[in-house]
Structures are given as structure tokens and as C-alpha cells.
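First up is the structure itself, then whatever we jot down about it.
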Amino acid sequence: MSDESSIVWHFFMKSNDLTRVNCRRCQKSLKFSGSTLGMIHHVRTIHADELKTLIRFRFVSNESSRKETKIDGLFFSKYIESKRESTSLQTTKNEIVSFEALLVSARPPISSSPLSFWEINRNRFPKLSMLARHVLCSPQSSAQVERLFSKCGQIVSSTRRNRLSTETLNDLLLNAILADSKIQEEDDSSDDEEADLQEDFSGMWPTTKKRRQSSVPRSVRYD
């Protein structure tokens, strides 16, 4: 109805006293009190084909203008996005160049903490510091430990793989650890005893190794 109300004025024009409207096509005069219902009825009845053509033309024009507006907005959005990406990329490149220059001029010692380095230089290299924090941070997960506990629990509690009770298995593990520690202590003490014996024997017995003769012939004399 709104499209027809706006299009209907292509067919009518108001009189000088604004009380009547005259059709531009057939010169019919209609009483006008502010409503366009009578004019719309007249156009639908007498000038239906022309009305349909005008409505179709306006619809096509509106659609084309909407598409142009949408395309313009799309191009503008892509332009803004490309500018942002280029700016961000340029900023990242500048940070990388500055970081490489820092490594050439004043490389931090190998023994220094990388976390401390990025904490100090996070304002100088904001993007690289975020990347370093992501790489250097430890994952807050105990998945591997839990997986190991589950696997050990399956091995211990499985009747098909293990017929030992939990108490017996704990005793065996404890004895194995104690035996390893005892063997280590004995190895250390035997090494100390061998070292002491070598020192004692080296002091008690004189060496029987002959002294090396001089390689200079006897006929050669030095003044």
C-alpha cells in the first residue's frame, strides 16, 4: 500500500484549492480529503498495467541501489580490514627487526631466564612477548600423569596380567629399591677401599722401573 501511495502521485495532481485531484492520464477529477484510497482505486481499475510497470521499475531500481550500497559497504569493509592487517603485519615485522637488532648488539647470556627477558621487554615487543608467553608457559594439565596412573592401576588390578596382590607388589617394589640403594653403597665403599689400598702400596714399595737413558750420545759434550 505504501508503494502504491507514493506511486499514485505520478498519476494525479492537486488542484489550486487542494480539495480535488485530477488524473494526468484520463483527466478525471476526484475529491481529495487527505486520503489516497480513492486515487489508488482509480489507478488500479483504469491504469492497472501502467501501475504494475511503475511498481516493477521501482522495485528493480531499489534492488540495484541496495546491491550497490551492499557492494560499496563490502568493499569498504574489506579495505578497512586490509589496512588493519597490513598495519598489524608491518608492526610485527618492525618488532622482529628490532628483536634481531637487539640480539646482534646485546644478546642476553645463555644462562639468563627467558621469562625475565620477556617480562622486561614486553612493552618493547608486545606481540613477540605474547607469542613467547604462549610458547614458554607450562600446560596446566595433569593428563599425562593421570594416564600413567590409570595404566599402572590397570596393570596391577588386572587379574589376567597380574596375579599378585597389592600388598605383595608394594613389598617387592620396596625391596627392589632397598637392594639398589644397598648395592650403590657397597660400590661406593669398595671404590674408596681400592683408592686407599693403592695409596698404601705406592708408599710401601719402591719403584723397580728403570730410568730412561738420555738420548744424547756420549761423544757429544756441552760446554
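Residue numbers (our numbering): -18 to 204. All C-beta atoms, glycine included, are put in the ideal place defined by N, C-alpha and C.
Contact under 8 Å by Cβ, residue i with residue j
i	j	result
residue 12	residue 5	no
residue 99	residue 92	no
residue 137	residue 149	no
residue 14	residue 3	no
Supposed contact pair residue j and residue i - C-beta distance, whole angstroms, cut 8 Å
i	j	result
residue 106	residue 79	7 Å
residue 82	residue 95	Between residue 95 and residue 82 the Cβ distance is about 18 Å, and since that is not below 8 Å, they are no contact.
residue 21	residue -11	5 Å
residue 25	residue 32	7 Å
Per-residue DSSP class, three states only, for residue i
i	result
residue -7	strand
residue 4	strand
residue 33	helix
residue 212	Because residue 212 is not part of the residues shown, which for the chain are -18 to 204, the question remains open.
residue -18	Low confidence applies here, because residue -18 scores a pLDDT of 44, under 50, leaving its location unreliable; read the following figure in that light. Residue -18 falls in the coil class under three-state DSSP.
residue 17	coil
residue 104	coil
residue 97	helix
residue 28	coil
residue 128	helix
residue 88	coil
Candidates the options: closest to residue i by CA position
i	options	result
residue 9	-3, 15, -7 and 21	-7
residue 104	159, 76 and 89	76
residue 72	108, 87 and 97	108
residue 134	119, 158 and 151	151
residue 7	129, 34, -9 and -1	-9
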